[in-house]
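Number of protein chains: 4
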Amino acid sequence: MPLLFEPVYTEGLAQLSYVVGDTAAGVAAVVDPRRDVQVYVDIAHRSGVRLTHAIETHIHADFASGVHELAARLPLRIAGGAQGGYGFDFQPLADGDTIALGGIRLQALHTPGHTPEHICLLLQDDHQGDAPFGILTGDTLFNLDVGRPDLLGEAETRRLAAALHRSLFRRILPLGDRLEVFPCHGAGSACGKSIGDRRQSTIGNERRFNPALADRPEDRFIDWLLADMPEPPRHYARLKRLNAAGAPVTGGPPVPMPLSPGEFAKAAPQAVVVDIRSMLAFGGGHVPGAISIGLREEFPNWAGWMLPDDRPLLLVGDGPEDVAEAALQLYRIGLDRVEGYLRGGMNAWQNAALPLAHAAQWSVRELDERRRDPQVGILDVRSDEEVVKGRIPGATHIYLPHLEARLNELDASRTLAVYCGSGYRSSIAVSILQRHGFRSVANVPGAWAAWTAARKEVQ
Amino acid sequence: MPLLFEPVYTEGLAQLSYVVGDTAAGVAAVVDPRRDVQVYVDIAHRSGVRLTHAIETHIHADFASGVHELAARLPLRIAGGAQGGYGFDFQPLADGDTIALGGIRLQALHTPGHTPEHICLLLQDDHQGDAPFGILTGDTLFNLDVGRPDLLGEAETRRLAAALHRSLFRRILPLGDRLEVFPCHGAGSACGKSIGDRRQSTIGNERRFNPALADRPEDRFIDWLLADMPEPPRHYARLKRLNAAGAPVTGGPPVPMPLSPGEFAKAAPQAVVVDIRSMLAFGGGHVPGAISIGLREEFPNWAGWMLPDDRPLLLVGDGPEDVAEAALQLYRIGLDRVEGYLRGGMNAWQNAALPLAHAAQWSVRELDERRRDPQVGILDVRSDEEVVKGRIPGATHIYLPHLEARLNELDASRTLAVYCGSGYRSSIAVSILQRHGFRSVANVPGAWAAWTAARKEVQ
Amino acid sequence: MPLLFEPVYTEGLAQLSYVVGDTAAGVAAVVDPRRDVQVYVDIAHRSGVRLTHAIETHIHADFASGVHELAARLPLRIAGGAQGGYGFDFQPLADGDTIALGGIRLQALHTPGHTPEHICLLLQDDHQGDAPFGILTGDTLFNLDVGRPDLLGEAETRRLAAALHRSLFRRILPLGDRLEVFPCHGAGSACGKSIGDRRQSTIGNERRFNPALADRPEDRFIDWLLADMPEPPRHYARLKRLNAAGAPVTGGPPVPMPLSPGEFAKAAPQAVVVDIRSMLAFGGGHVPGAISIGLREEFPNWAGWMLPDDRPLLLVGDGPEDVAEAALQLYRIGLDRVEGYLRGGMNAWQNAALPLAHAAQWSVRELDERRRDPQVGILDVRSDEEVVKGRIPGATHIYLPHLEARLNELDASRTLAVYCGSGYRSSIAVSILQRHGFRSVANVPGAWAAWTAARKEVQ
Amino acid sequence: MPLLFEPVYTEGLAQLSYVVGDTAAGVAAVVDPRRDVQVYVDIAHRSGVRLTHAIETHIHADFASGVHELAARLPLRIAGGAQGGYGFDFQPLADGDTIALGGIRLQALHTPGHTPEHICLLLQDDHQGDAPFGILTGDTLFNLDVGRPDLLGEAETRRLAAALHRSLFRRILPLGDRLEVFPCHGAGSACGKSIGDRRQSTIGNERRFNPALADRPEDRFIDWLLADMPEPPRHYARLKRLNAAGAPVTGGPPVPMPLSPGEFAKAAPQAVVVDIRSMLAFGGGHVPGAISIGLREEFPNWAGWMLPDDRPLLLVGDGPEDVAEAALQLYRIGLDRVEGYLRGGMNAWQNAALPLAHAAQWSVRELDERRRDPQVGILDVRSDEEVVKGRIPGATHIYLPHLEARLNELDASRTLAVYCGSGYRSSIAVSILQRHGFRSVANVPGAWAAWTAARKEVQ
């Protein structure tokens, strides 16, 4: 049983990497590794294989790649699309190039679109016959979605979208319905508009079910694809640069220092305080000035977007496990400056009689009752694509990432009720408004989901 | 290396059980096992020993014993103090009786006091010489404390306290300073007034450091001991009966059913809803009518005290791990009717637009600012022993366990700010007040700890 | 992300079961569960779903099903093919019947062949479109193989093979290349002749690569399929009966008792002693009379074949973990009478000066040097299908499972060198010969694999 | 509950390190850390403390210290006895010096004897009163034994033994019976002659039960102590130098490369092949030239003694877990050159038809039957201290560590049966004899233990 094929799914990033190899020959490669790489070393050891290659399908924008952490530990070769322009020594894979791992072969298929250098990897096993049985599609083809071509700037977008059309329709679909598809992302990643649930598929299933693969000429494909395309997360450009240059090798995530409430209060002004608890816990009480980004939901995406990489980060969580998990997730997106956390959490803070800020949490019923009060304003922080489908009557709209730059558009004298899709992003927004001196702000847990579930009036 | 001596510490209960045996002879006993017994089976298997005995030092009042779960799985003998009055077949251990486990010997020392049938177990190993090297003291002697003698009702208390004096001063102390002491509880258990941090000690260290072992005649010992003795938790009597009869064998904790928000809302009126999240999360928003008992602090103690054993329990937590942990902890104290939990937690509840209740969380600063407002009342729910050392000026005092019975003493038309030592118990109190229709109640996170840390005025 | 689809692979059995459900609706089913079911309960709890069904694709022959263990713990329904003739209450699934789990649907496809009642389950997810994306094929279609139709006795074999042809070519292949295939077994299972490495595939990949799906008329398919079909393992009939009646509910594998060397020696004559160590360790020294069945290779298959279900089993292993693993694996195939194991392993046995038996281990070089010695006989214990491709010159052939019945064909006065494919089965054979008084027997590690690797003469 | 006191026991080394600190103050120290330090980082994180010190009680001889691995990861201070002569920057602790960790205090007690710079650490907790409750005794006082004073060479031995007498009788015993004793080693370590089972004790228990603490004048103590003192393991001097200089920081144990049988056979001549399987498995078949040092028994001690630190090591084990465990254990004693292992173990080797060596395994019965045969010689490889108590009649005695240097004393033309206490060391001896061309050697499993158990004739 020589085929080794082990997908590694990383929650939060909704990312898939793969260990592929031949246990009879004792060799394997890792494709698209995350930055905390022990998992690959362990799989390799357990399987009795030597990792000979760490392969990038493309320069990732949403996470810090682990190829350099692997190369620092093991005598392996980093490989990637020949047109990659990687700022380090690597084995370039041109279209058709093959990496043989015993009887297993990975053959590069140059598939520009999501990025110019993107390669897919055809997956062949001598024991399965003389043709590939599957394809690692990276960020070119996902379940029910395709890779977004707009991450390199507007100038490139249509050109990349056209390339994507060719890659999908002329290179991938012709491979045949039977091929299994193993993508780099699952649902929840912002590398697609709306990736489906499944972490694998087949070319035939995607041909049938994936709306992007409907039969359209190139131009209409491009228009369709770019319509409703959400704005790219701000940190994607930073991570592109990081991965193009090679993420720094640190041996693992930082060990944040425990800080007493007093130490924490003293360190906070020089740092960004991140409260990783749930929105309701943040609402009940929090360290004044903290940014609310809940760990248990879309943490890496919004932490990436909202947090700086050049200032110390201090964490407030429910316990050491959560703090360690947050430090790990931040490390995965290249935010390594987690320097401390509040020891004993909010209990310790409270017991030390340090000031406690609150954020009101209004159910949609409360919002509905109060929304006609002239002292109440409503702020919708969802994306354009969401707002266009309907909003709460009278709501002002500023997409969360733009909030800090557009605060002057808001009336700080009124109570501001903020909502998004579920309350998660509006809790971030509320925390930002509080940092900027807004005295009376309320988050709306449930938010748009609850508003529509309750069949309230929609504008 | 024949001696097997493995203490098992159970968080929450702050309880210590022991696996003691001889790996050369291949036999061992468990002393004071908790109800989820796989841990002992695993230790025994890993050590290559057969569990031949499950021994009770006494009838426990604070947790459901695991001796019957063990006896249901393994062909072992339950043993206990000869005067135990256990309602099942057991091997009675009279003073001086010895259980030999290969070259290891456990010799019973009848030490009435905490309970009449209590035995300690002298621990001897043939490889360590011809005398015991230690003693398992059960609930007779703890680090810096002794077992409370008041759990069998007032009529017995002084008689038991006198017996305890004799057990301590005539039986245990004379064994000599050098003996190691292995008790049944660590800090946090209510089986003592104020148990110390250490989970082991020596007779000499306790003789020197333990305030209960100061040289006092019997009468003064009794007075000293009973002074400031906190009220026994309400469930202790229930658990005494359970353990005297033998806790039912279920094979493990119940598997609570996931309930959708709609199902949960429908089931709630016939059940008791327990919110196991932190006080601040409860404050930010909760299911109306839920009782707040935070999992991460003194959960088993207060769940035991506040929850019924004859009604279904429904849980609201931060995720499935917390729910499973809570179900386990409840199982350990004989509360087996955990029938369901809110699937998706509060997020699902919010998104379904179900009603959200709040509990204001006042810092001590806010309390201090508002406390002279005639519309504000202050309620102290700490125990008598705590209140006697000082309280916030003007506070009404009702110990939390008595709150439900004394609601009529409170003025529901005023805003009621509730505090305890840290906010944990007052959060429970706030949830009870809300269940009984109090509209305006506030918890005080930090509570007395913060009030004194901030050097506020004390009455 | 409502789709829950979690395959559970069980090493040893090379078996795949599946948890399939809808996390939004909070319901799921288990398909083809193994007998130790905690893994499914854990997946369900972690995913927030209720297990509503335990489904059998067919009456399994190679492992004891876990449907009854699940039904004993959870209020779920056992379902299976309508023509199942199960000896217990179950929900019959006729061709076309559907179990809806929220937006996920499992539709039965009656596919007789491996067994008459066999059903496949089409797998549809409302979020993936209006057609199935995959199929759970049970023991009908594997990677590179199909289910064997010869397990119900010779009378049924050709009729079942014909039904299998229809199921494959008229029911499954027409579903289309794009469908993903999720079988009940991977490589190593004896439910197929020669199952491929992959634990999933697509209909198109199998149509292209699977030799059984080559375009052949029914008759030639049957001939092709039955040619070279290995003999069915002896315990398959026993497990069929067990699963048809419902495997007994025990709550988990037995806890084997540790036995001292003396106790073990005393208990051994009434029991079957199973040595689960490697062939070389067995060779170096073993308890006289022990049967050698190494845990780390094809244990469940050969344990099933060689061990009785009506006598106590005693284990000799390298440590408690191995013993527990063996007890678990035996439990999975319905061998529950593991009553004890040798505490301290062979070291304890040796130190107690108990008799030590040996089994010579000849490399193929040694065998080659000695094989012309008239005092040396060679015994090949491989199956007919293997032997027909070549054997060592002069070797007598008796397939291992028949050895005990055909001992009289062997000359006990000569040294007997026994080989199989790798030495694993011949180590079993050697142990059986020793039990029957053969004084001079040798195992050949490497065996046929080494013989051919060394390019020795072949008959 | 501020006291953090967590012993970390390391199997194999039989070593105890300690994390001691104050969770209220958020600080802790590690005492005598092993080289794989993640365990301490995890304890600290879980407990919410910062590790501020890594303390050596003395320069260890039996394992590579982890103080430098810790210092490379965390901003902490290395501390040790002021007379340490450490070759790196450290905080010197003179007699009476105290490290305060919040309310916990570690006070150095200079206790020369095992080594000149040795310190014990008195352990005081403000919550336990104004005096120490325990003492970390390092290698000065163990359960039932004391630290050996002969590791710095004969010239120092009596002087150190005298110092040890003073340290024990004038410094430690006067502290009082009640103090708890926490040593650096448990049973199995060669840092004492015969350390007892218990990993903790009290001064009083040791005063009563420890034979070294019997009331003897200094001279008689020295004579008693040095009588029967086994020879110091050869690697102790190497490790002394390593720790005095500071063990190299590598970030963890090496990741050994999997080698195919062919690669392994090719690499073996330049390396030392270590077979970590059991003696019986080695007996059944092994790679020619391999040294047998079984992982599951006294591996670190004998690996340290028998293996070079300047040549590559190649491992043969039962699976990847065992290989990783061996690499870790070798790393702990400063043997970092584990460069590869035999992928697929002996099965792969056999299947490749590579040569298989054997080592006969004679039970004591077989030995007894053959021992008068003039073609059979008997070799006893136990230590002088063991042999003096009796041996098998006619046995030649060469202590295992001297075997390689004294091969010329043996008659290679005879069959040599080798024994030790249990067969473990004689298996090593047999492998060495085979490496040096002895053709006919046999190990005696059970060895002296079995010989005496069988009441055979003793010389």
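Chains as they are written, first to last, in this note's numbering: chain D, -3 to 455; chain Y, -3 to 455; chain S, -3 to 455; chain V, -3 to 455. Heads up, the beta-carbon is just placed ideally off N, CA and C, and yes, glycines get one too. What you are looking at is a predicted structure, and each value in this text was computed from that prediction instead of being measured.
Of the residues the options, the one placed nearest residue i, counting alpha carbons only
i         : options                                    : result
Gln103(Y) : His110(Y), Pro88(Y), Thr111(Y), Pro112(Y)  : Pro88(Y)
Leu119(S) : Phe178(S), Ala349(S), Ser427(S)            : Phe178(S)
Arg101(V) : His56(V), Arg42(V), Ala25(V)               : Ala25(V)
Ile329(Y) : Leu412(Y), Ala233(Y), Ser274(Y)            : Ala233(Y)
Gly99(V)  : Arg339(V), Phe205(V), Asp126(V)            : Asp126(V)
Asp38(V)  : Leu72(D), Trp345(D), Pro252(D)             : Pro252(D)
Arg435(S) : Asn347(S), Tyr337(S), Ala355(S), Pro71(S)  : Ala355(S)
Thr94(V)  : His123(V), Pro128(V), Leu70(V), Gln124(V)  : Pro128(V)
Lys452(Y) : Ala208(Y), Pro441(Y), Gly419(Y), Asp364(Y) : Asp364(Y)
Leu0(V)   : Ser379(Y), Trp298(Y), Gly192(Y)            : Gly192(Y)
Exposed unless 16 or more other CB atoms sit within 10 angstroms - verdict on residue i
i         : result
Phe217(S) : buried
Tyr82(S)  : buried
Asp58(V)  : buried
Ser176(S) : In the sequence under discussion, the amino acid at residue 176(S) is Glu, which differs from the Ser named in the question. By the neighbour-count rule (16 or more Cβ atoms within 10 Å), Glu176(S) is buried.
Thr19(V)  : buried
Glu405(V) : exposed
Gly258(S) : exposed
Ala456(Y) : Examination of residue 456(Y) is not possible in this model, given that chain Y is present from -3 through 455 alone.
Val283(V) : buried
Residues near residue i by beta carbon distance below 6 Å, same chain, minus five either side
i         : result
Gly184(D) : Ala10
Arg421(V) : Val377, Leu396
Nonlocal neighbours in the same chain, by C-beta distance under 8 Å from residue i, ignoring five residues either side
i         : result
His114(V) : Thr53, His54, Gly77, His106, Thr107, Pro108, Gly134, Asp135, Thr136, Gly143, Ser163
Arg230(V) : Gly300, Trp301, Pro397
Three-state secondary structure assigned by DSSP to residue i
i          : result
Asn297(V)  : helix
Pro304(D)  : coil
Tyr415(V)  : strand
Thr(-2)(S) : Note on identity: in this sequence residue -2(S) is Pro, with Thr being the wrong assignment. It is coil, neither helix nor strand.
Ser163(S)  : helix
Phe84(V)   : coil
Pro257(D)  : helix
Distance between beta carbons of residue j and residue i, contact taken as under 8 Å
i         : j         : result
Ser427(S) : Ile287(S) : 5 Å
His64(S)  : Gly341(S) : Wrong, their Cβ atoms sit about 34 Å apart, outside the cutoff.
Leu311(Y) : Gly280(D) : Going by Cβ atoms, the distance from Leu311(Y) to Gly280(D) rounds to 19 Å, so no, they are not a contact pair.
Same chain, Cβ closer than 7 Å to residue i, neighbours up to 5 away in sequence not counted
i         : result
Asn239(S) : Ile55, His56, Ala60, Ser61
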